Each structure stands twice: as C-alpha cells, then as structure tokens.
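**Student:** Have a look at this one.
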Amino acid sequence: MDARLEAIKDTVLMRNPGEAEFHQAVVEVFESLGPVHDRHPEFLEAAILERLCEPERQIIFRVPWTDDSGRVQINRGFRVEFNSALGPYKGGLRFHPSVYLGIVKFLGFEQIFKNALTGMPIGGGKGGSDFDPRGRSDAEVMRFCQSFMTELYRHIGEYTDVPAGEIGVGGREIGYLFGQYKRITNRYESGVLTGKGISWGGSLVRPEATGFGTVIFTQEMLRTRGTSFDGQRVVVSGSGNVAINAVAKAQSLGAAVVACSDSSGYVVDEAGIDVALLREVKEVQRGRLKDYAERRGGVTYVDGGSVWDVDATVALPCATQNELDGAAAARLVRNGLVAVGEGANMPSTRDAVAVFQEAGVLFGPGKAANAGGVATSALEMQQNASRDSWSFEHTEERLTEIMVGIHDRCAATAEEYGEPGNYVLGANIGGFVKVADAMLAQGLI
25 MDARLEAIKD TVLMRNPGEA EFHQAVVEVF ESLGPVHDRH PEFLEAAILE RLCEPERQII
85 FRVPWTDDSG RVQINRGFRV EFNSALGPYK GGLRFHPSVY LGIVKFLGFE QIFKNALTGM
145 PIGGGKGGSD FDPRGRSDAE VMRFCQSFMT ELYRHIGEYT DVPAGEIGVG GREIGYLFGQ
205 YKRITNRYES GVLTGKGISW GGSLVRPEAT GFGTVIFTQE MLRTRGTSFD GQRVVVSGSG
265 NVAINAVAKA QSLGAAVVAC SDSSGYVVDE AGIDVALLRE VKEVQRGRLK DYAERRGGVT
325 YVDGGSVWDV DATVALPCAT QNELDGAAAA RLVRNGLVAV GEGANMPSTR DAVAVFQEAG
385 VLFGPGKAAN AGGVATSALE MQQNASRDSW SFEHTEERLT EIMVGIHDRC AATAEEYGEP
445 GNYVLGANIG GFVKVADAML AQGLI
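Per the working numbering, residue 25 is the first one in the sequence shown, and the count goes up by one each step.
And the structure:
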C-alpha cells in the first residue's frame, strides 16, 4: 500500500475498532488508490479519503415488537448514511442475526463506489437489523417492520435517503415498511423505498436485476477473451433472489448451472438447476434446498460442506460476505476456473481474490458485478418521479446498457492506470474519482 495512504488507513482502523468487515473493505480500496493520488494530489490536500471513510450520519435505534405469543422482543436497527456527494443516500436494508454496525458500515462503504459506477445520481448508504425473519409468521414480520419504520421514517425520503431490500428483506418486508411510512407521514411518496410491488410503484426487472446484472457483467468479462457463458459449467452459491436470477440468466445464455447452496448445504444437479422448482421451494414455500432435492429427484444433496467443492469454469458467489476463502479459490483454479462474478457483497476473502488474480482468472468484484440491483432501483426512482411505468423489455435493456457501461468503465480505468484486466483496481479507482471530484467541488462538508 502507498505509504501516504497507510497512515490514513491506520487511523481509520483505529477509529473503528472491532469492525472487521469494514476494515477489510477499507483496506481493499486503499490498496488501489496510490496511483490516483500521484495524479491528483488535491485529493490528499482536501482529506477526501478521511472524509470518505467517515459516514455523514450513523443512526442506531431500538426496535421493540411483540411475537405471536405476546412476548416482547427487542432488536437493534441501523442506518448508516455514508456519502451524499452524488445524490440521496441509496442502499438496502439487511435483516439477519449477524447484522451489527461493522457489517452495515462495510456495506455502506462499498455502496458508495458501486453507486458511483452506475452513472446514476445516487449516494451511498446501508441499513438493517439483527432481526431474523426466517421462521417468523407474516404477522410477526409485519409488527417488526412497522416498529422499525416508526423510527426510520424520520431519517429517509425520496430526496434524502432511499432504502431498498437486501438479505432478509424482500417484497413482503418492503410492503410492510412502505405501508407504515405512508401511514405515519400521510404521503404516498413512492420514491422513498425501492423494490416495491409492481402494482404499487415498483419496477419490472427489479427482482431479477442483481442476478441478471452479475451475469451480464461476467459475460462482458468473458467476451474480452473471446468466449461467453455458452457451454460454461457454472456453480452459484446461495439460493435466494440474487442466486435464483443469476441461475436463470446464465442458463438463458447457454450455461450449465449445476450447483447452488443455502445455509444448510448444497445441491448438485448435473442436468441443470430447475429454476421454476427452485423458485417455488425458496420463494413461495420458503423451504430449504433439501426440499428441492427431494422433489427434483436424481440430484445430490450435501448436508453442510462447501458448494465450492464442485468443479466449475465460472463461479458466481451470491450468498454473503467472505464465503469463498483462499483454499476454496485454489481448488477452483486447479479444476479449471475461468471467471468469477460476485453477486453478493465482498463474498471472496482477500486471500481468495489474490489467488484468482495471480492465476489470471477473470474476477468481477461485487461493487461492479452486482450493481444491477441498485441501478434498477434508480430506474424505479425515475419511474416514480415521472409517474411512469416501463415495460420489462425497456427496463432490461436499460439494465444491460448500465452493466456493460460499468464493465467498460472498469476495464478502461484499469488500462489507464497500467493494470489491464484488473477489475478490482478499475472499480475502486473509477468509483473513487467520480465521488472525490464531487466532494472537492462541494467544499469542506
């Protein structure tokens, strides 16, 4: 790391103790930025990095609610409004027991760069709670969401901060959150949340966007080597919204997607994952992959273990942070891996990224490869602002344009800074320069 940035990094880590994921995200970005400061010393003089690493606002609040037995439950809610240089804060809400301030800050920090790369006028933020919706009744989820929004509503707005869904927050949760916001404010402010239902302000393609976008970005990487998804053997981690739509898009491009996973284990389906059945099991019945295996027949279900034990030419990690480590990366490389497209946020550890890059594997970092979700959220905001509704085909075309643009921007930036093919460097520098220029223009705030 550049010596000038080393001191800044040490200060950031010291000021944010115990936040391992945030530390990891900061270090990964700082390692790319030395050449930028050689060309732009004004960024150092204006303390852009120090300001970028300090959220503009951090909100932590209590979320009391009652379960179906009448017992009072207490969770903790978060919203980190990280950077608004390019537009209102924009980023999802994660409901999962692992959520704490360090997770939310890592996600929000990544979101700054991701949103900048889309070319859309949106800043970076993130939020969530340590509430676990899994196994809860609809009534319990509704009561939690209403309590959560009773505090959050005062901090958000279509020109201030626009949350969306993430892990644990799907259409059901967004509906309950929006209903409570409307109830409290007495305003039908469609643009305050994205990921809404199609019949009440949502956008077509938004449910598919993150998974589709990841595959589109990965397809563009493959094209730089004269190939495509056609005929590739693909393994996807996860089996939620992002993973399911990544499977569907990859298969539509001719890939054989042979494995996916959930928190209990993974399934290997050499005939190709049955997307319709997977959707029914995971999204309608809220079941497990074991249920998929039982209904599908002729497949292998592995209880526990790692889906990265399955050979692949293309890997699409779409589950959660740090799920793919150095040992798994080395095993994939030995078995013929060609490309990795991150559908989740920082799913590959630093060791894994190093293995991929040293082996010459095409590697699309999450802040670039999974930007399709937030890009389509911005398109949803456009439709809300104009009281319009676009067709699936038009919205998917816009998503494709944005993802191809992100790929080309990352590739061109890496080339400009002397590391062609280094999408990590391209994404970090491409996003950083856009935000830094805006921060410099807006003065010391």
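Built from N, CA and C at the ideal position, the CB exists for glycine as well. Predicted model, so just to flag it, every value in this text is computed and none were measured.
According to the neighbour-count rule (16 or more other Cβ atoms, all chains shown, within 10 Å of its Cβ), is residue 291 buried or exposed?
**Tutor:** Counting Cβ neighbours within 10 Å, residue 291 comes out buried, since at least 16 surround it.
**Student:** So does the region 294-307 actually touch the region 260-268, counting three or more Cβ pairs closer than 8 Å?
**Tutor:** Contact holds: three or more Cβ-Cβ distances are below 8 Å.
**Student:** Grab me the residues of residue 108's own chain with a C-beta within less than 7 Å of its C-beta, minus the 5 sequence neighbours each way, in chain order.
**Tutor:** Closer than 7 Å at the Cβ level, and outside the excluded window around residue 108, lie 80 and 147.
**Student:** Please go through the same chain and pick out, in chain order, the residues whose beta-carbon is closer than 7 Å to the beta-carbon of residue 202, but skip the five residues on each side of it.
**Tutor:** So the list reads 217 and 220, once near-sequence residues are dropped.
**Student:** In chain order, what are the residue ranges of uninterrupted beta strand (DSSP E) at least 3 long that sit wholly in the region 135-218?
**Tutor:** Here the runs fully enclosed are 147-153 and 185-189.
**Student:** Does DSSP classify residue 111 as helix, strand or coil?
**Tutor:** The answer is coil: DSSP assigns residue 111 none of H, G, I, E or B.
**Student:** Starting from the C-beta of residue 82, find all residues in its chain whose C-beta is less than 7 Å away, skip the five residues before and the five after it, and write them out in chain order.
**Tutor:** Closer than 7 Å at Cβ, skipping near neighbours: 104.
**Student:** So residue 192 packs on residue 120, CB below 8 Å; how close in whole Å?
**Tutor:** Yes, they are in contact, since the Cβ atoms of residue 192 and residue 120 sit about 5 Å apart, within 8 Å.
**Student:** Compute the distance between the beta-carbons of residue 271 and residue 293, then report whether it is under 8 Å.
**Tutor:** No, they are not a contact pair.
**Student:** Of the residues 33, 227, 156 and 252, which one's Cα is nearest the Cα of residue 422?
**Tutor:** The residue with the shortest Cα to Cα distance from residue 422 is 227.
**Student:** Going along the chain, which unbroken runs of the alpha helix (DSSP H) with 4 or more residues stay wholly within the region 57-132?
**Tutor:** Complete alpha helix (DSSP H) runs here, min 4: 58-63, 65-69 and 72-76.
**Student:** Assign residue 340 to one of three DSSP states: helix, strand, or coil.
**Tutor:** Residue 340: strand per DSSP, three-state reduction.
**Student:** Please state whether DSSP places residue 396 in a helix, a strand or coil.
**Tutor:** In this structure, residue 396 counts as helix in the three-state DSSP scheme.
**Student:** Can you check the region 249-332 for any alpha helix (DSSP H) of at least 4 residues that lies completely inside it and give the ranges in chain order?
**Tutor:** Segments of the alpha helix (DSSP H) lying fully in the region 249-332: 265-276, 299-303 and 313-320.
**Student:** Determine the direct distance from the alpha carbon of residue 70 to that of residue 273, and round the result to whole angstroms.
**Tutor:** So the two alpha carbons sit approximately 44 Å from each other.
**Student:** In its own chain, which residues sit with a C-beta less than 7 Å from the C-beta of residue 198, not counting the 5 before and 5 after it?
**Tutor:** Result list for residue 198: 189, 217, 219 and 220, in chain order.
**Student:** Whose C-beta lies closer than 6 Å to the C-beta of residue 326 among residues of the same chain, with five residues either side of it excluded?
**Tutor:** These residues qualify, in order along the chain: 289 and 290.
**Student:** Straight-line CA distance for residue 179 to residue 185?
**Tutor:** Residue 179 and residue 185: Cα-Cα distance of roughly 7 Å.
**Student:** Given this structure, state the Cα-to-Cα distance separating residue 446 from residue 381, to the nearest angstrom.
**Tutor:** Near 8 Å, if we compare the C-alpha coordinates of residue 381 and residue 446.
**Student:** Given residue 132, which residues of its chain have a CB within under 7 Å of its CB, disregarding the five upstream and five downstream residues?
**Tutor:** Taken in chain order, the residues that qualify are 79, 104, 106, 115, 148, 149 and 150.
**Student:** With a Cβ-Cβ cutoff of 8 Å, do residue 277 and residue 239 count as a contact?
**Tutor:** A contact, by the Cβ cut-off of 8 Å.
**Student:** Please go through the same chain and pick out, in chain order, the residues whose beta-carbon is closer than 8 Å to the beta-carbon of residue 44, but skip the five residues on each side of it.
**Tutor:** Same-chain partners within the cutoff: 126.
**Student:** Can you grab the Cα-Cα spacing for the pair residue 87 / residue 187, in whole Å?
**Tutor:** Cα to Cα, residue 87 sits roughly 17 Å from residue 187.
**Student:** Which residue or residues does DSSP assign as beta-bridge partners of residue 386?
**Tutor:** DSSP lists 363 as partners of residue 386.
**Student:** Which two residues bound the contiguous alpha helix (DSSP H) that contains residue 246?
**Tutor:** Element bounds for residue 246: 233-247.
**Student:** For residue 393, which option in 441, 452 and 439 has the closest C-alpha, if you only look at C-alpha atoms?
**Tutor:** It is 452.
**Student:** Which same chain residues end up closer than 6 Å to residue 154 when comparing Cβ atoms and leaving out the 5 residues on each side of it in sequence?
**Tutor:** So the qualifying residues of the chain are 99, 100, 121 and 123.
**Student:** When the Cα of residue 465 is compared with those of 364, 66 and 47, which residue comes out closest?
**Tutor:** Of 364, 66 and 47, the residue nearest in Cα terms is 66.
**Student:** Given this structure, state the Cα-to-Cα distance separating residue 309 from residue 92, to the nearest angstrom.
**Tutor:** Those two C-alpha atoms are separated by around 20 Å.
**Student:** Report the three-state DSSP secondary structure of residue 468 (helix, strand or coil).
**Tutor:** It is coil, neither helix nor strand.
**Student:** How long is the line joining the alpha carbons of residue 236 and residue 254, rounded to whole angstroms?
**Tutor:** Looking at the two C-alpha atoms, the distance is approximately 15 Å.
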